[in-house]
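Novice: Take this structure, written in structure tokens, and hold onto it; I'll ask about it next.
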Amino acid sequence: FNMIYKDAIQKLFALPQFQGLASGGPTTAAYFFVACNDAELFYLDPHVHTQPALTSTEIEEVKQSYLHTPRPLRLQWNSLNASVCGAFLVRSAEDFEKLCEDLTATDDTLFEILDRPLELQALGEAVDTDDGFTML
22 FNMIYKDAIQ
32 KLFALPQFQG
42 LASGGPTTAA
52 YFFVACNDAE
62 LFYLDPHVHT
72 QPALTSTEIE
82 EVKQSYLHTP
92 RPLRLQWNSL
102 NASVCGAFLV
112 RSAEDFEKLC
122 EDLTATDDTL
132 FEILDRPLEL
142 QALGEAVDTD
152 DGFTML
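Encoded structure:
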């Protein structure tokens, strides 16, 4: 993980639309990070033991014992996988506009908000570029 992004990612946790961060450790599978402090991130491990099927009488007991991580786990910032995905919940157009403003204010080099959708080529179409190369 490039520590240059630490401050911007920490700021995400303060945004009202931010739900968490999906990533992992250097040799681990995906985790869902729900909080952080200056030294570490706190995560829930979705890879907990679950029963294959539940009966209606077992649901509450199993929910408490198997379906949830009993406590958040910790990961040092420098151990965070460089591939991260932020989860946001936007409830209205106004909420989306506010999120765009907040992301740009957080770090305008990390988050780019476009005024219009990108015009991308369909899969398999060749794209000529000015430098003499063709991208497929």
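In short: position in the sequence shown from 1, add 21, done, that's the numbering used here.
Where is the CB? At the ideal position from N, CA and C, for every residue including glycine.
Every value quoted in this text rests on a predicted model; they were computed, and no experiment measured them.
Which residue from 116, 44, 103 puts its Cα closest to that of residue 65?
Specialist: Along the sequence shown, read from residue 1 onward, the residue named residue 65 stands at position 44. The shortest Cα separation from residue 65 among 116, 44, 103 belongs to 44.
Novice: With a threshold of 7 Å on Cβ separation, who are the neighbours of residue 31 within its own chain once the five nearest residues in sequence on each side are excluded?
Specialist: To locate residue 31, count along the sequence shown from 1; it is residue 10. So the qualifying residues of the chain are 57.
Novice: How big is the Cα-Cα spacing for residue 101 and residue 23?
Specialist: As a first step, residue 101 must be located in the sequence shown, where it is residue number 80. As a first step, residue 23 must be located in the sequence shown, where it is residue number 2. When rounded, the distance between both Cα atoms is 9 Å.
Novice: Would you mind working out which of 136, 95, 42 sits nearest residue 106, comparing C-alpha positions?
Specialist: For the purposes of this step, residue 106 is identified with residue 85 of the sequence shown, where counting begins at 1. Taking only the C-alpha atoms, the option nearest residue 106 is 42.
Novice: Rounded to whole angstroms, what is the Cα-Cα separation between residue 134 and residue 121?
Specialist: By 1-based counting over the sequence shown, the position of residue 134 is 113. By 1-based counting over the sequence shown, the position of residue 121 is 100. If I take the Cα positions, the gap works out to 7 Å.
Novice: Kindly identify the DSSP beta-bridge partner or partners of residue 65.
Specialist: Here residue 65 refers to the residue found at position 44 when the sequence shown is read from its first residue. 53.
Novice: Can you name the start and end residues of the alpha helix (DSSP H) that residue 135 belongs to?
Specialist: Here residue 135 refers to the residue found at position 114 of the sequence shown. Segment: none, residue 135 is in no alpha helix (DSSP H) and carries neither H nor E.
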